[in-house]
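A.B. asks: In my numbering, the protein residues as written are 5 to 130. Below you will find the structure I want to go over with you.
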């Protein structure tokens, strides 16, 4: 299972990459694999305020519907239209083309996991 070391993670299986005060958010390969064939994505809208831990969208697969939780506080600045149009991209490239949205941070993230901590988490769930 791929857990890129340069990213941070949440207990709800989102990944986060922060550059110059903007967080890029997606769901992890573990989550994508657990979901199976992803058929629909409803990300937060650009301009929406999000708060860490709050539900801000959903991902639907042939198996289930899962909430997307905001991993950080801030304002959504961009939504990846490619995953809305082709949700299966999340399953094939979750850490690249499968990112979901970007957030201009209003505060530094505090409760994110390192890749090592996330690996320990998913090994316990696997």
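For glycine and all other residues, C-beta sits at the position ideal for the given N, C-alpha and C.
#1: Evaluate contact between the segment 75-83 and the segment 102-111, counting only Cβ atoms and requiring at least three cross-stretch pairs below 8 Å.
#2: Just to check my reading of the structure: residue 95 and residue 36 have Cβ atoms closer than 8 Å, yes? What is that Cβ distance to the nearest angstrom?
#3: Across the segment 111-127 and the segment 16-27, are there enough close Cβ pairs to call them in contact, namely three or more that are closer than 8 Å?
#4: Less than 8 Å separating the beta-carbons of residue 43 and residue 91?
#5: Per DSSP, which one or two residues make a beta bridge with residue 28?
#6: Got a sec, what are the start and stop residues for the beta strand (DSSP E) residue 122 sits in?
#7: Whose C-beta lies closer than 8 Å to the C-beta of residue 2 among residues of the same chain, with five residues either side of it excluded?
#8: Whole angstroms is fine: what's the gap from residue 31's alpha carbon to residue 89's?
#9: In three-state terms, what does DSSP make of residue 115?
C.D. replies: Let's see:
#1: Judged by Cβ distances under 8 Å, the segment 75-83 makes contact with the segment 102-111, as three or more pairs qualify.
#2: Between residue 36 and residue 95 the Cβ distance is about 5 Å, and since that is below 8 Å, they are a contact.
#3: Yes, since at least three Cβ pairs between the segment 111-127 and the segment 16-27 fall closer than 8 Å, the two stretches touch.
#4: Yes.
#5: Residue 28 is bridged to 21 and 106.
#6: First-last for residue 122: 119-129, but that is the alpha helix (DSSP H), not the beta strand (DSSP E).
#7: Past the boundaries of the shown model lies residue 2; the chain is included only from 5 to 130, so the question cannot be answered.
#8: Those two C-alpha atoms are separated by around 17 Å.
#9: In this structure, residue 115 counts as coil in the three-state DSSP scheme.
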